[in-house]
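S.K.: If you read the sequences in order, they're chains A and B.
Each residue of the first sequence is one higher than the one before, starting from 77 at the first, in the working numbering.
Each residue of the second sequence is one higher than the one before, starting from 77 at the first, in the working numbering.
There are 2 protein chains.
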Amino acid sequence: MSEKKALQAVREQIDKVDKQLQDLLNERTALAHQVAEIKQQSGEQADFYRPEREAMILRQVMARNNGPLSDLEMARLFREIMSACLAAEKPLQVAYLGPEGSFTQAASLKHFGGSVQLHSMATIADVFHAVETGQACYGVVPVENSTEGMVNHTLDRFVSSSLKINGEVTIRIHHYLLSKSADLSQIKTVYAHPQALAQCRHWLTENLPNSVQIPVNSNSEAAKLVAENGLDCAAIAGNRAAEIYGLSVLANNIEDEVGNTTRFLVIGTQLVEPSGEDKTALLVSTKNKPGALQNLLKPLADKGISMSRIESRPSRKGIWEYVFFIDIEGHCQDPTVASALQELESESSVFRVLGSYPKAVL
Amino acid sequence: MSEKKALQAVREQIDKVDKQLQDLLNERTALAHQVAEIKQQSGEQADFYRPEREAMILRQVMARNNGPLSDLEMARLFREIMSACLAAEKPLQVAYLGPEGSFTQAASLKHFGGSVQLHSMATIADVFHAVETGQACYGVVPVENSTEGMVNHTLDRFVSSSLKINGEVTIRIHHYLLSKSADLSQIKTVYAHPQALAQCRHWLTENLPNSVQIPVNSNSEAAKLVAENGLDCAAIAGNRAAEIYGLSVLANNIEDEVGNTTRFLVIGTQLVEPSGEDKTALLVSTKNKPGALQNLLKPLADKGISMSRIESRPSRKGIWEYVFFIDIEGHCQDPTVASALQELESESSVFRVLGSYPKAVL
């Protein structure tokens with residue numbers, strides 16, 4: 077068989093598969109419509125979007141996948157399929173910390189798929205407000221960056237808001253070497269956050285062995301410093317800082333390995349049901365007495381519940397001095413977690429479950 | 077049947093459909109692998125990515141779609157399916173005009189789907205260079221914005237490059253009202269490109285009836301002016317300008333209707349085969365004699381070939397004063413187009429087909 081005929085034959089098979097795929101995609105959309113109708117008939121306030129069910133489907137898809145398509149690509153396609161089916165019912169309105177093109181927008185698309193309706197907001201407070209007033213069903217805000225630390229505006233906003241955490245998303249962010257100069261050999265000083273310097277150590281040793289490295293508070297500050305100074309200094313930062321401060325990109329993706337990720341939270345009004353692999357976020361404050369924090373955390377340790385993060389923030393209200401944001405493994409409806417939380421609550425002056433939500437799948 | 081049981085039954089059907097979808101997606105990936113193998117065995121320099129075949133598949137999908145999923149959503153899903161199948165073979169390397177988060181990145185994802193490997197470049201020249209040296213198979217650059225006009229850097233680069241145009245992408249861009257003030261009632265003057273002012277006329281009449289509108293060269297210039305001036309002026313611009321110039325967003329999506337789109341070109345080394353609905357881009361220069369341009373265009377008019385755009389640029393070489401970038405309907409292999417181009421070439425001092433490529437489908 078000639079090459080042309082062989083290609084023709086395979087392409088006809090692909091066309092046949094495509095037709096079947098298309099029929100199934102329409103069938104799935106019709107079934108999703110049935111789910112919505114059943115919910116509406118029952119008078120229930122219809123939550124068409126069920127984060128825990130989506131997480132379970134994605135995990136199932138990855139677990140049973142035999143290739144040749146990779147597990148991650150397969151899950152990504154199902155993410156888009158569910159997004160399209162949901163949008164056929166009622167497009168999800170999602171508010172995110174803008175501007176268009178921000179990493180928070182990328183996180184929103186990664187979490188909800190490409191069929192949502194996104195609304196760019198100017199501040200984190202505006203994202204909370206949009207969800208609180210019902211303009212959007214969900215919001216997406218950054219909460220933690222491996223080189224810039226916690227996003228305190230987001231944590232502080234939870235103190236006064238009754239919104240829940242409905243999910244988490246992580247996004248990998250690359251490091252760039254930025255300067256006013258276009259010539260790497262001119263660079264004598266490199267500014268960056270200490271963690272960024274550490275993440276790029278290998279690259280810096282190879283390419284700028286004689287440079288002086290100066291740690292500063294954030295990578296944005298480093299870019300700003302470089303914009304205000306001479307041609308012999310450079311900053312490690314995201315490449316959007318290049319545009320904001322008018323700097324050139326001297327080198328791309330200079331991080332030694334996967335390290336620089338930003339974590340985002342999905343906020344909403346729902347309490348999410350267990351998905352099997354969940355996290356729970358707590359906001360607590362201790363009674364003002366010695367050893368209060370140790371006592372607070374004891375029930376978690378006793379029951380073998382891992383705590384993935386604890387962050388303290390000064391309280392803005394006068395009653396308690398500090399609030400703690402605690403992330404633990406498990407869902408607040410899991411019996412062990414529930415009983416630990418009950419004990420923890422009795423040791424706290426303030427206690428709120430900010431949400432239980434599925435761990436990021438993609 | 078109780079609501080819970082009814083939901084359970086439909087969800088089981090969805091799970092069954094999902095399993096079939098997953099099998100078909102893996103089958104399609106395996107078939108795409110066969111296509112690649114046939115091409116490799118034949119010793120042909122294997123172009124795994126075939127823009128004209130992808131465009132034909134997407135058009136077919138939309139034409140035969142009976143819903144309930146919309147034609148556009150269905151095509152979007154097939155765009156992602158083809159992207160994933162291709163990446164399973166060999167991930168496409170695509171260079172684009174950065175930074176990360178730029179509209180050109182969004183255009184690259186829209187055209188190639190989410191499974192490509194994207195490389196952010198600092199300038200349009202860098203994108204061309206990356207494709208010319210083989211670091212990337214394709215490049216994506218902006219070429220035309222309905223409010224900011226042609227992107228001349230891109231056109232000029234074609235004069236000295238032998239790269240071809242392999243495709244086009246369009247992206248809708250929203251208008252925002254930006255200011256140093258957070259109070260709309262303070263605004264007395266609005267700066268913007270005349271076309272942006274025209275596109276937002278209705279909104280401006282409703283919301284700022286007494287303001288003075290001042291046309292400037294570009295929306296970016298408007299944002300810059302506002303950043304340098306007082307609290308009583310505002311600019312119409314994209315919301316990334318808010319970040320770059322430190323302005324607040326006073327209002328979102330203020331355009332009266334769909335109008336503001338940016339067009340991007342996909343550049344590569346391939347000559348793309350006809351897809352049935354194509355465009356051809358020409359670079360020509362006339363002999364220096366009276367009526368030269370009219371003579372040049374006559375063969376197109378005589379043969380009924382529509383010209384969708386003509387743009388003149390001063391030549392950088394001394395030989396001819398102007399070069400013309402002409403977009404026409406049809407593929408250069410179509411018999412009518414081919415014969416018109418032959419005549420056109422005989423009237424030109426310089427004549428190059430920059431590429432024939434499928435019209436944007438999505």
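Ideal placement from N, C-alpha and C gives every residue a C-beta, glycine not left out.
None of these values were measured; they are calculated from a predicted model.
What's the gap between the Cα of F124 of chain B and the Cα of P270 of chain B?
M.R.: 44 Å
S.K.: Return the residue from the list A:A198, A:V292 and A:V429 that minimises the CA-CA distance to V235 of chain A.
M.R.: Check the Cα spacing between V235 of chain A and each of A:A198, A:V292 and A:V429: the tightest is with A:V429.
S.K.: Which whole runs of the alpha helix (DSSP H) in the region 268 to 293 of chain B are 4 residues long or more, in chain order?
M.R.: Fully enclosed alpha helix (DSSP H) runs of 4 or longer: 270 to 275 and 277 to 283.
S.K.: Compile a chain-ordered list of the residues in the region 297 to 317 of chain A whose CB is closer than 8 Å to at least one CB of chain B.
M.R.: G314, N315 and R316
S.K.: Of all Cβ atoms in chain B, is any one closer than 8 Å to the Cβ of V93 of chain A?
M.R.: yes
S.K.: V292 of chain A: which of A:D308, A:I312, A:G306 and A:Y267 sits nearest, CA to CA?
M.R.: Looking at the Cα atoms, A:Y267 is the closest of the given residues.
S.K.: Measuring CB to CB, does S146 of chain B end up less than 8 Å from A131 of chain A?
M.R.: No, they are not a contact pair.
S.K.: Measure how close the beta-carbons of D332 of chain B and R277 of chain B come, nearest whole angstrom, since I'm counting them as under 8 Å.
M.R.: 6 Å
S.K.: In angstroms, rounded to a whole number, what distance separates the CA positions of M197 of chain A and Q169 of chain B?
M.R.: 32 Å
S.K.: Which residue marks the beginning of the alpha helix (DSSP H) containing A212 of chain B, and which one marks its end?
M.R.: Here A212 of chain B belongs to no alpha helix (DSSP H), and DSSP marks it neither H nor E.
S.K.: Are the region 293 to 300 of chain B and the region 344 to 359 of chain B touching, with three or more C-beta to C-beta distances below 8 Å?
M.R.: Cβ pair count under 8 Å is below three, so no.
S.K.: Could you pull the DSSP bridge partners for G243 of chain B from this structure?
M.R.: B:V342
S.K.: Does DSSP put D378 of chain A in a helix, in a strand, or in coil?
M.R.: helix
S.K.: Closest to V437 of chain A by C-alpha separation, out of A:K240, A:G210, A:A139 and A:K95, would be which residue?
M.R.: A:A139
S.K.: Would you identify the three-state DSSP class for L253 of chain A, choosing helix, strand or coil?
M.R.: strand
S.K.: Can M383 of chain A and D354 of chain A be called in contact, C-beta distance under 8 Å?
M.R.: no
S.K.: Pull up the CB-CB distance for A327 of chain B and Y252 of chain B, whole angstroms please, since I reckon it's below 8 Å.
M.R.: 7 Å
S.K.: Which chain B residues sit within Cβ distance under 7 Å of M150 of chain A?
M.R.: The contacting residues are Q98 and L101.
S.K.: If we define contact as Cβ-Cβ less than 8 Å, is G210 of chain A a contact residue for chain B?
M.R.: no
S.K.: Sorted by chain position, which residues of the same chain lie with C-beta nearer than 6 Å to V192 of chain A's C-beta, five sequence neighbours on each side aside?
M.R.: L168 and V170
S.K.: Listed in chain order, which residues of the region 178 to 198 of chain B have Cβ atoms closer than 8 Å to some Cβ of chain A?
M.R.: S178, F179, Q181, A182, G190, S191, H195, S196 and A198
S.K.: So that I know if they touch, is there some Cβ in chain A lying closer than 8 Å to that of Q116 of chain B?
M.R.: no
S.K.: Name the chain A residues that come within less than 7 Å of P144 of chain B, Cβ to Cβ?
M.R.: N102, T105, A106, H109 and A164
S.K.: Using a Cβ-Cβ distance under 8 Å, would E133 of chain A count as near chain B?
M.R.: One detail in the question is off: residue 133 of chain A reads as Ile in this sequence, not Glu. So yes, I133 of chain A belongs to the interface.
S.K.: Residues of chain A with a CB under 9 Å from the CB of I200 of chain B: which are they?
M.R.: Correct list: empty, because the minimum Cβ distance to chain A is about 14 Å.
S.K.: Pull up the CB-CB distance for P28 of chain A and S351 of chain A, whole angstroms please, since I reckon it's below 8 Å.
M.R.: Nothing can be reported for residue 28 of chain A, as the shown portion of chain A is limited to 77 through 438.
S.K.: With C-beta atoms as the reference, is L100 of chain A less than 8 Å away from Q96 of chain B?
M.R.: yes
S.K.: Within the 8 Å Cβ cut-off, does I320 of chain B reach chain A?
M.R.: yes
S.K.: Which of the three DSSP states is assigned to H109 of chain B in this structure?
M.R.: helix
S.K.: Checking contacts by CB at 8 Å: is P434 of chain A closer than that to chain B?
M.R.: For P434 of chain A, the answer is no, since every Cβ of chain B falls outside 8 Å of its Cβ.
S.K.: Tell me, please, whether the region 149 to 158 of chain A touches the region 368 to 378 of chain A by the rule of three or more beta-carbon pairs shorter than 8 Å.
M.R.: Three or more beta-carbon pairs separated by less than 8 Å are not found between the region 149 to 158 of chain A and the region 368 to 378 of chain A, which leaves the two stretches without contact.
S.K.: Fully enclosed by the region 160 to 218 of chain B, which beta strand (DSSP E) runs are 3 residues long or longer?
M.R.: 169 to 173 and 193 to 197
S.K.: What residues from chain A crowd round N141 of chain B, counting only those whose CB sits closer than 9 Å?
M.R.: Q98 and N102
S.K.: So, does the region 173 to 186 of chain B touch the region 176 to 189 of chain A, judging by three or more C-beta pairs under 8 Å?
M.R.: yes
S.K.: Decide if the region 203 to 218 of chain A is in contact with the region 202 to 213 of chain B; the criterion is three or more beta carbon pairs, one per stretch, under 8 Å apart.
M.R.: no
S.K.: With DSSP as the reference, please indicate the residues paired to K355 of chain B in a beta bridge.
M.R.: B:E405 and B:Y433
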